[in-house]
Each structure stands twice: as C-alpha cells, then as structure tokens.
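Protein chains in written order, with this note's numbering: chain A, 1 to 467; chain B, 468 to 934.
Accompanying notes for the structure given below.
2 protein chains.
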Amino acid sequence: PDVKRGNYGSVRDSDLATFERLLPGRVLTDSLDGYNTDWLKTCRGASQVVLRPKSTEEVSAILKYCNEKKLAVVPQGGNTGLVGGSVSVFDEIVISTQLMNSIISLDEISGTLVCQAGCVLASLEDYLSNHKLTIPVDLGAKGSCHIGGNVATNAGGVRLLRYGSLHGNVLGLEAVLANGEVVDCLSTLRKDNTGYDLKQLFIGSEGTLGIITAVSLNCPQKPEAVSVAFLGCESFQSVLDIFKESRQKLGEVLSAFEFMDSQTMTVAKENLKLRSPIEDYPFYVLIETSGSNGSHDEEKLSQFLEHVMGTGIVQDGTVATEPTKIQNIWSMRERIAEGLMHDGYCYKYDVSLPLQSFYGLVEAMRERMGTMVTRVIGYGHVGDGNLHLNLTSPEYSTEVMDKIEPFLYDWVANHKGSISAEHGLGFKKKNFIYHSKSKSAVRLMKDIKHTFDPNMILNPYKVLPDF
Amino acid sequence: PDVKRGNYGSVRDSDLATFERLLPGRVLTDSLDGYNTDWLKTCRGASQVVLRPKSTEEVSAILKYCNEKKLAVVPQGGNTGLVGGSVSVFDEIVISTQLMNSIISLDEISGTLVCQAGCVLASLEDYLSNHKLTIPVDLGAKGSCHIGGNVATNAGGVRLLRYGSLHGNVLGLEAVLANGEVVDCLSTLRKDNTGYDLKQLFIGSEGTLGIITAVSLNCPQKPEAVSVAFLGCESFQSVLDIFKESRQKLGEVLSAFEFMDSQTMTVAKENLKLRSPIEDYPFYVLIETSGSNGSHDEEKLSQFLEHVMGTGIVQDGTVATEPTKIQNIWSMRERIAEGLMHDGYCYKYDVSLPLQSFYGLVEAMRERMGTMVTRVIGYGHVGDGNLHLNLTSPEYSTEVMDKIEPFLYDWVANHKGSISAEHGLGFKKKNFIYHSKSKSAVRLMKDIKHTFDPNMILNPYKVLPDF
Chain A
1 PDVKRGNYGS
11 VRDSDLATFE
21 RLLPGRVLTD
31 SLDGYNTDWL
41 KTCRGASQVV
51 LRPKSTEEVS
61 AILKYCNEKK
71 LAVVPQGGNT
81 GLVGGSVSVF
91 DEIVISTQLM
101 NSIISLDEIS
111 GTLVCQAGCV
121 LASLEDYLSN
131 HKLTIPVDLG
141 AKGSCHIGGN
151 VATNAGGVRL
161 LRYGSLHGNV
171 LGLEAVLANG
181 EVVDCLSTLR
191 KDNTGYDLKQ
201 LFIGSEGTLG
211 IITAVSLNCP
221 QKPEAVSVAF
231 LGCESFQSVL
241 DIFKESRQKL
251 GEVLSAFEFM
261 DSQTMTVAKE
271 NLKLRSPIED
281 YPFYVLIETS
291 GSNGSHDEEK
301 LSQFLEHVMG
311 TGIVQDGTVA
321 TEPTKIQNIW
331 SMRERIAEGL
341 MHDGYCYKYD
351 VSLPLQSFYG
361 LVEAMRERMG
371 TMVTRVIGYG
381 HVGDGNLHLN
391 LTSPEYSTEV
401 MDKIEPFLYD
411 WVANHKGSIS
421 AEHGLGFKKK
431 NFIYHSKSKS
441 AVRLMKDIKH
451 TFDPNMILNP
461 YKVLPDF
Chain B
468 PDVKRGNYGS
478 VRDSDLATFE
488 RLLPGRVLTD
498 SLDGYNTDWL
508 KTCRGASQVV
518 LRPKSTEEVS
528 AILKYCNEKK
538 LAVVPQGGNT
548 GLVGGSVSVF
558 DEIVISTQLM
568 NSIISLDEIS
578 GTLVCQAGCV
588 LASLEDYLSN
598 HKLTIPVDLG
608 AKGSCHIGGN
618 VATNAGGVRL
628 LRYGSLHGNV
638 LGLEAVLANG
648 EVVDCLSTLR
658 KDNTGYDLKQ
668 LFIGSEGTLG
678 IITAVSLNCP
688 QKPEAVSVAF
698 LGCESFQSVL
708 DIFKESRQKL
718 GEVLSAFEFM
728 DSQTMTVAKE
738 NLKLRSPIED
748 YPFYVLIETS
758 GSNGSHDEEK
768 LSQFLEHVMG
778 TGIVQDGTVA
788 TEPTKIQNIW
798 SMRERIAEGL
808 MHDGYCYKYD
818 VSLPLQSFYG
828 LVEAMRERMG
838 TMVTRVIGYG
848 HVGDGNLHLN
858 LTSPEYSTEV
868 MDKIEPFLYD
878 WVANHKGSIS
888 AEHGLGFKKK
898 NFIYHSKSKS
908 AVRLMKDIKH
918 TFDPNMILNP
928 YKVLPDF
C-alpha cells in the first residue's frame, strides 16, 4: 500500500551512543538483513539499528528515550509473522527479544509457567515436557517463534481446538508502555477479577500498545498417549460430517482436526517429496487424540473409525501411535507453508468462516483465478473454522493481486467471516479491517491506541487503518 | 464506605414520560424493593425507576437519553452479585435485562450459541442439553443469574477448571456504550485476529464500560457420563496431594475439584440439615469427572481412588454415578452460601492464592477473630486456587468488620493473591483494588473508563477506586 513515513526522528550518532550506554555490546548496526526481511520475503524494512535488551528495565529505558525523541520502534520476536508486522516499514528501530529468554518460575502443582518474552516456543515445550506438562499453543514455526510474539499476535495453531485461545491461557503478562512505564499484570492466578483485564488488550495487539516482556501461562498436563489418524474422503461435506462425529465420539480426547484438499497434497508430494500414507482422495482429514490413558484413547478412536468407515463418510485411513509415524503425518500438514515457497511467490490468506461457507471460498477463488496462478489450495483448522487459502505464481504480479483483492475480502465479509483468523493484520492487512470490524469498534481501538501510545512510536503503520 | 452522590441529574416527570414513550408499559416506579436490594441484603439503593428494555435498540435509546441528561444508571441482570455491583448506591436508574431473554441462534456443528443478555443460565443449559451441548460456565446462582451478568462480572464457578474462563469461551458480544452507540463484536467465529479484542474489556468490567446486550458462546459437547467422588482426608496438605494426583490420573476427564473444611460441613449439617455421605474428617474433597465414555471414566476414577486410598492420603470416600446421588453431593457444596445466611450476617470473601498459602488464610483469620464471630469457614475451587472464606455473626458489627479489614486484604496481597477471584469489586471492594493491581494498571483502567464513558453515567461508584 501507499504509505508515507510519519513525522518521527531519525537515529543519530548521539542516539546510538545512548543506546550503546544502555545496552553495552548489544546494539547492532551491521548485517541487519535478517532483521529487516520477513519470513515470506515480501516485506523489507530499512532499519539502521537493532537493540537487544536482556531485561524489562532495559526495554523500559530504551522506550522512555525513544518516546522522548519521537523515534519509532518495531518489536521483533522470532520474526516468523506472515503479515509484515514484525519488520520495519521505513527506518523504525528494531527491538529484538532474542536475549530475553529466561524461564522465571514453574509451579508444577498448578501448571503455571512464568518466562521472559523471548523464549522460543519449542524450548518451552521441551522444558515443560521434563515436568510432565505441555504448552497450550503449538504451530509450525515453533522452532523459531518467541512466546512474546505468540502472545502479541494471539497465535492460534493446531492445539486451539483442545486448549482454547491464548486469551484463556495467558494468566498474566508484563508489558512496557511507549513512555517506558512498566505495567505489571504478571499474575500466576487462574482467577483474578479486580478491575478491567488489561492484559487482554496486549494479547493480539501486535506490539502497538506496548512491548510484552514476560508472560505467565497455564500449562496443561502432558498427554500420556497421542494417536493420529489420517483419512481420505470424497467431499467437503464428508469432512464436516467427520468433524461432527469426532466431536461426539472422541469428545475430550480430540486434540486436533485438520483438513487438506487434494491440491494441498500435490504440494506435499511434488514440492516437498513427501509420501502420502494413503491413496489419492479429493479431501484428507488429520485427527489427533491425546489423553491420560492410551488404551482408552485407542478404543475411542477405533470405535469412531469403525463408525465413520461403516457409514461410508470415510473411504480410507491409517492410524499412527508411534512418535516417528505421527511426526511424518504431521509433517505433511505443517510443512505446506514451506512447500508453497518452491512455487515462487505465495499469496497467503488466513480467514475464518462459518463452516457452511468454509470451502466455498477455495472453489470461488479457483474459478476466478483460472490459469493466472500456479495453484489455489485450501487447508487448515476445520475445528476452529479457520481456512488457510494460498495461491502461488512464479513471481509477484500486481495483476494477480488486483484480481484477488479486494474480491476475496469482500467474499469473506459477505459470508460473515474474519479476514484474519490467526495471522493478525500487521502491515499488509490493516486497511481491510472494516471488512471484519464495525466503524464504532475501530474508533474505540484508535482511542485506546491514543491512550496507550500518544506519540504513536510503537510499531507504526500496523494494525490500525490509515483512514 | 463514605461516598458522596455524584453530580448527576435526578429523574423528573418529563424523564419518566420519555422512558414511557420509549418502553411503553415497561417503566416501573412502584414496589422496587427487589431491584433495590442485593441478594445478601447488605446493599440497599434508592432507585425510583426501573427500565425493562426488550431490544438492543431500546437500550441504545435509553442510554443516549440518559447520557445527554447526565442521569446515572445501574445495569442489573439476575441481581445475584455478591459485592453490591448490581444495585444502585443512590438513585441511579436500574436498567434490567429481565425481558431480554431470547435465544438468537445455535450452530450445532461448531457448538456456537448466540443469545440476549437476559437469558437465565439454567435455561440456557436446559436448551443446550436438548442439542447434546452444554454451557461452559456453571455456578450456584444458575437458577436466577443472567448470562449477560455472568459475562459482565467474568463469573467463574465450578466448571472453570475444565473449560477455562469466559475470556476464552465468549466468542463475541454486543454492548451499548454510554452514548447509546452499539458496539457489535457479536462474532460467532472461534478465531478472529483483526485489531484489538475489544470484547475482552467488557468481560469483567461490571457494567462500567457498556451494557452487554447479547453474547456468543462456545459450547462444549454435553458429557455422556458424569461421576462424583466425595472424599475425606486429614490435612490440607492431603487435599493438595489429591489434587496433584487427580490432574495426572484423571487428566482430561477431571471437571471439578472442590474442597470444604470441617467447619463448612457443620454449616451443611446444622443450618441446612443435610447429611454427609461419609464420616467426619478435617477436610473434604469433591471430585467430578465428565466425559464421552462412562466406562472409561469410571475405570480412571477407580484406578485413581485405589491409588490415593492405597497411599493413605484419602481416608474414606464414596462415589456417585446416579444423577440424584450426584445432585445430593453437589448440594452440600452449592448450598453453603444459603446455609451461612441462617447465622445472621455473613462477611464474605472470595480470594485467589497460590496453593502453598491457600489454607493459611483461614487459619490466620480463625486465630485472629477468636470468639468475636460465630464461625470462620473455608471452601472453594482448589483447582483454580480460589478460596471462599466466610465469617458469620448474629448481625453486622463494625467492630468485627474493622478486625477483618484491611488485615485480610493485606494478608492476601502479601501472599501474592487476588482480593477478588470471581466476585468482582463492585461497590464493596473497589477501594481495595491496589492490593491486587499496580498504580500504573489502575491509571490505565481509569483512562479506558474515561474514553468509553466520559460522563461517567454507567454504574458509578463501582469497580474503580475513589482515589
């Protein structure tokens, strides 16, 4: 989009000297490519400096200084975001949470973890695993993404179906406001009804209201047993029927319900050289169960499979209970984003839709785009009504983009969906907010932004629309 | 507390005429006792008029008028709150949701219910039950409380352990701001990351930021089977040990973990004439499991009981699987609040504490109060770190109150607890907010209040502190 640099200061030598005094040896000014480019390589900033604080106090000192000098900043975690929210648009200063990666405490009885914002998701999972606990959020980028970034973007992922969203699982957080003030809501309590639940505002605000420096998470018991079923079926209606049956028959042990269409499977096979464990079908379903008693779970799963194969809604399927086999099946689903990059450029959409309209969008886009694109694929979290729709072409084309947008967003709005289910708005999608939120809601958001960050230094050009 | 009436208008005949025009036949000015007195009969307001809108548009019209005339209002649902939040302090106009009790829609596949704010909790549960679904919140007042009030106060209750808080289960809501503007966040989607999650601010704001007119809820499958175990043990440490074992052995089917001390049992026996199903012990634990396969759940429960009785942490116990027996056991827990009223006056506290300090507060208060009170009892949701501490005396006594407060709040703050776990702050506890929240957090709350309700007409004298 057309966007003009705001009326912010530019970083001078005297600023660099101050930063160097505040963060000795942790001010980077060279080789900033990795910090300036997003994972999809579709957004490129021109930051001249990256700051790497270790503590909340350091974040506070930096922000206080930047706020006084009107220097714009962009908070950055693992830089795995998909909407250009974690890189600069112009020359905003990058504040990286890379060195804020300490675990602060763990209460094993209640399952409460407190840690700094820069802990990598997979490291937390490993740590908790040693204490028979697990983390309630899981996603493909887990090897790189930071928990602070997960919270700031309200990351969803494959476990949301079972454990719910971060709005329910974050027990507390600490954030630094634009003026350097530390807001301590780092409660470890599951219940606390004393005033407005401020932490909720930071969850999903993509670094525009404050920089999250620490979080407190409710961590469930690590399941004793996990099983995965991979099923093939003839139609999307069958996918929905399988979902309904799985909710009833698998109940509390159902931990993931994902679907892929046959075009998605082609990406896995052709671009990633993965082998499908079953024959070709128009649609595939991945079901995961996890629970405290393996034999109970397997009995539930086999009763369920007997039922859905008996009634003919499932054509073929395989079940895995061994970790390696489970991992292989999950790879097909989790590596799709990587596989798509082999095509050249990927137009990425992440929408929510009521289930009755869910797959209609993929069909509508396929018909509309015809041979203009390499492929149109649909996969995602059926259990959450969350569709990942992706189109690819050898390279970025304005013509293709103009054919996709705003048509796609209008379609989603007309079917009462959300134009961003879990990726957020960031830089790329902010001006489409009115497709999912009312004018009065956006006006309140702007009022809140103004209250929290009057100089607008925090992650400018993101989330809130220009008009 | 000492409190002065704000600079609001008083209701005149011309106002009444306007209300009567907006809500023909639904403006009450006589026999308002039930609306002016809270459930505990400890707060009594002097409202001269009660308005009973049926629609969002009517709520909007009333508020627009009141805001222009600077007439203060108090939203009221089932009026079952315990902190004086739902009755007027002076002559605020009561806006009751009694007649806003329609179900708007139900999606059976995804389990999404949309309804008006005045639906009674138990009615919703009955309705959902016919569709093999259940509601994620349950509490003793379910026969009277309104879902809008539950959301406005972020009600907790016995199912929070299993399904999490309303911050995770409310998918959307509609609220009317002080100026009459309708904020439509009534999404039915499980995921929607488009801008700040405004609905979260209304959840738990006790009617001070807007009046909730409709909600959208994520409803889980109704369990096929429910079992309850009632156990006796020797010490509070045993209660914690039982909790840890139950998390591991019962895992995903554990749906409630409640405790009562022997003094609580005395209330059940003496004041309510209930019969305990087991012998006398210093502590009692109520465990509920619910799941999709009764025989699996019973097997898990019996393996668990065998283990905890074998290791000696449980002395005695009984298991119920029949609805009537289950109901009888739950009654002992759910009717305690009612039983306490037989003593005369009840000083009611609802705090969260880290588990290691949990019961210490009851012991400290018992020692401090000695014979000044009839009894000091502790019970509550161990699984959520939520203690209900109650003291009774024949009638209200300032001397007793001064001995309890602020000592109790200081104790909770010193042990990093919350002074209100699920009841909220309302009128009674607002000035104790700094025991649980920092100055910077409270300042942000005040800024938000000012943004949402500049004339401060919504539920004044509640939630936010005077100073």
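Backbone N, C-alpha and C fix where the C-beta goes; we use that ideal spot for every residue, glycine too.
Between the CA atoms of residue j and residue i - distance to the nearest angstrom
{"i": "Ser-527(B)", "j": "Leu-580(B)", "result": "23 angstroms"}
{"i": "Gly-699(B)", "j": "Val-625(B)", "result": "19 angstroms"}
{"i": "Asn-621(B)", "j": "Tyr-630(B)", "result": "14 angstroms"}
{"i": "Val-649(B)", "j": "Gly-168(A)", "result": "26 angstroms"}
{"i": "Ser-702(B)", "j": "Asp-107(A)", "result": "21 angstroms"}
{"i": "Leu-945(B)", "j": "Asp-747(B)", "result": "The structure shown has nothing for residue 945(B), since chain B only spans 468 to 934."}
{"i": "Tyr-349(A)", "j": "Glu-92(A)", "result": "26 angstroms"}
{"i": "Ser-440(A)", "j": "Asp-783(B)", "result": "58 angstroms"}
{"i": "Met-372(A)", "j": "Met-265(A)", "result": "21 angstroms"}
{"i": "Lys-300(A)", "j": "Glu-224(A)", "result": "15 angstroms"}
{"i": "Val-706(B)", "j": "Val-11(A)", "result": "59 angstroms"}
{"i": "Lys-191(A)", "j": "Ser-885(B)", "result": "8 angstroms"}
{"i": "Arg-488(B)", "j": "Gly-81(A)", "result": "53 angstroms"}
{"i": "Val-319(A)", "j": "His-296(A)", "result": "15 angstroms"}
{"i": "Val-87(A)", "j": "Ser-14(A)", "result": "24 angstroms"}
{"i": "Gly-476(B)", "j": "Asp-184(A)", "result": "38 angstroms"}
Residues of its chain near residue i, where Cβ-Cβ distance is below 6 angstroms and the 5 sequence neighbours each way are ignored
{"i": "Asn-455(A)", "result": "Asn-67, Lys-70"}
{"i": "Lys-716(B)", "result": "Phe-771"}
{"i": "Leu-600(B)", "result": "Gly-578, Cys-686, Lys-689"}
{"i": "Leu-391(A)", "result": "Tyr-347, Val-373, Val-376"}
{"i": "Gly-204(A)", "result": "Asn-154"}
Beta-ladder partner(s) of residue i, from DSSP
{"i": "Arg-842(B)", "result": "Thr-859(B)"}
{"i": "Gln-479(A)", "result": "Outside the shown range of chain A (1 to 467) lies residue 479(A), about which nothing can therefore be said."}
{"i": "Tyr-461(A)", "result": "Paired residue(s): none; Tyr-461(A) is not in a bridge."}
{"i": "His-381(A)", "result": "Asn-386(A)"}
{"i": "Leu-633(B)", "result": "Answer is none; Leu-633(B) lacks a bridge partner."}
{"i": "Lys-815(B)", "result": "Asn-857(B)"}
{"i": "Arg-511(B)", "result": "Thr-504(B)"}
Neighbourhood of residue i by C-beta, 7 angstroms cutoff - its chain only, sequence neighbours within 5 removed
{"i": "Gly-140(A)", "result": "Glu-334, Ala-337"}
{"i": "Ile-614(B)", "result": "Cys-582, Ala-584, Cys-586, Leu-588, Leu-591, Val-682"}
{"i": "Val-364(A)", "result": "What sits at residue 364(A) in the sequence shown is Ala, not Val. Trp-411, listed in sequence order."}
Residue i in three-state terms, based on DSSP
{"i": "Gly-552(B)", "result": "coil"}
{"i": "Cys-66(A)", "result": "helix"}
{"i": "Ser-885(B)", "result": "strand"}
{"i": "Asp-497(B)", "result": "coil"}
{"i": "Asp-747(B)", "result": "coil"}
{"i": "Arg-835(B)", "result": "helix"}
{"i": "Leu-739(B)", "result": "coil"}
{"i": "Ala-696(B)", "result": "strand"}
{"i": "Thr-208(A)", "result": "coil"}
{"i": "Phe-433(B)", "result": "Since the first residue of chain B shown is 468 and the last is 934, residue 433(B) is not available in this structure."}
{"i": "His-146(A)", "result": "strand"}
{"i": "Thr-188(A)", "result": "coil"}
{"i": "Gly-140(A)", "result": "helix"}
{"i": "Gln-688(B)", "result": "strand"}
Beta-carbon separation (whole angstroms), residue i vs residue j, contact threshold 8 angstroms
{"i": "Ala-214(A)", "j": "Leu-186(A)", "result": "6 angstroms"}
{"i": "Gly-84(A)", "j": "Asp-33(A)", "result": "About 16 angstroms; that fails the 8 angstroms criterion."}
{"i": "Pro-460(A)", "j": "Asn-431(A)", "result": "In fact, because the Cβ distance is near 14 angstroms, the residues do not count as touching under 8 angstroms."}
{"i": "Gly-852(B)", "j": "Leu-820(B)", "result": "6 angstroms"}
{"i": "Ala-152(A)", "j": "Ile-212(A)", "result": "5 angstroms"}
{"i": "Thr-918(B)", "j": "Asp-343(A)", "result": "That pair is no contact at about 46 angstroms."}
{"i": "Glu-252(A)", "j": "Ser-759(B)", "result": "6 angstroms"}
{"i": "Ala-229(A)", "j": "Leu-161(A)", "result": "Not quite, the Cβ-Cβ distance comes to about 15 angstroms (not below 8 angstroms), so this is no contact."}
{"i": "Lys-883(B)", "j": "Ile-109(A)", "result": "Rounded, the Cβ-Cβ distance is 15 angstroms, inconsistent with contact."}
{"i": "Ile-796(B)", "j": "Pro-744(B)", "result": "7 angstroms"}
Chain-order list of residues whose beta-carbon lies under 8 angstroms from that of residue i (same chain, five-residue window excluded)
{"i": "Thr-362(A)", "result": "Here the sequence assigns Val to residue 362(A), which means Thr is not the residue at that position. Hits under 8 angstroms: Asp-261, Val-376, Ile-377, Gly-378, Leu-387, Leu-389."}
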